[in-house]
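Novice: Note that the working numbering has the sequence shown beginning at 1, numbered continuously upward. By construction, the Cβ of each residue, glycine as well, lies at the ideal position given by its N, Cα and C atoms. As the structure is a prediction and not an experimental result, all values here were calculated from the model.
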Amino acid sequence: MRAEAREELDTVVHERLLAGEDPWAFMEELPSVDELVVYLLRAEAIDANGGQRASSAREYRVLRQIALQHPDLTKTVWRMLGEHGWQPERAQRR
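(1) Using only alpha-carbon positions, find the residue among 31, 53, 11, 38 that is nearest to residue 72.
(2) Taking all protein chains shown into account, decide if residue 11 is buried (16 or more other Cβ within 10 angstroms of its Cβ) or exposed.
(3) Can you name, in chain order, every residue of its own chain whose Cβ lies under 8 Å from the Cβ of residue 63, other than the five neighbours on each side?
(4) Measure from the alpha carbon of residue 8 to the alpha carbon of each residue in 20, 36, 17, then state which is nearest.
(5) When burial is assigned at 16 or more other CB atoms within 10 Å of the CB, is residue 48 buried or exposed?
(6) Which term fits residue 34, buried or exposed, when burial requires 16 or more other beta carbons within 10 angstroms of its beta carbon?
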C-alpha cells in the first residue's frame with residue numbers, strides 16, 4: 001500500500017506543479033505516505049460499513065484497529081488520533 005500511496009502523492013505533486021503552483025506553498029499540506037496509507041485503510045473500513053461515516057467513537061476504534069493490524073503505522077495512527085481530537089476517553093464514553 002505504501003507504493004500505491006507514494007504513487008498517488010507523486011501524481012498530486014506532478015499535477016500541482018503542472019498547474020503552476022509553488023511547491024513551497026503546498027508541500028506541507030500534503031499527507032505523508034504513511035498518513036495516506038492510513039486514510040486508504042480508513043476508507044476501506046468506511047466502505048465495508050456500507051459507506052456510512054463513523055462517529056468519533058467508531059473512528060477511534062477503526063484507527064486503533066489499523067494500528068493493531070499494521071504495527072509499522074502505529075505511530076502515524078496515534079499522531080493522527082491526537083491531531084483530530086479522537087481521544088480514547090471520548091470513545092469509551094459512548
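Specialist: On the basis of the data shown:
(1) What you label residue 72 is simply residue 72 of the sequence shown in a count that begins at 1. Checking every option, the nearest Cα to that of residue 72 belongs to 38.
(2) Taking the first residue of the sequence shown as 1, we reach residue 11 at position 11. Burial call: exposed.
(3) Within the sequence shown, the letter at position 63 stands for residue 63. The residues are 38, 42, 77, 80, 81, 86.
(4) Taking the sequence shown and counting its residues from 1, the one referred to as residue 8 is at position 8. With distances taken between Cα atoms, residue 8 lies closest to 36.
(5) Stepping through the sequence shown from its first residue, residue 48 is reached at position 48. By the 10 Å Cβ count, residue 48 comes out exposed.
(6) Here residue 34 refers to the residue found at position 34 of the sequence shown. By the 16-neighbour rule on beta-carbons within 10 angstroms, residue 34 is buried.
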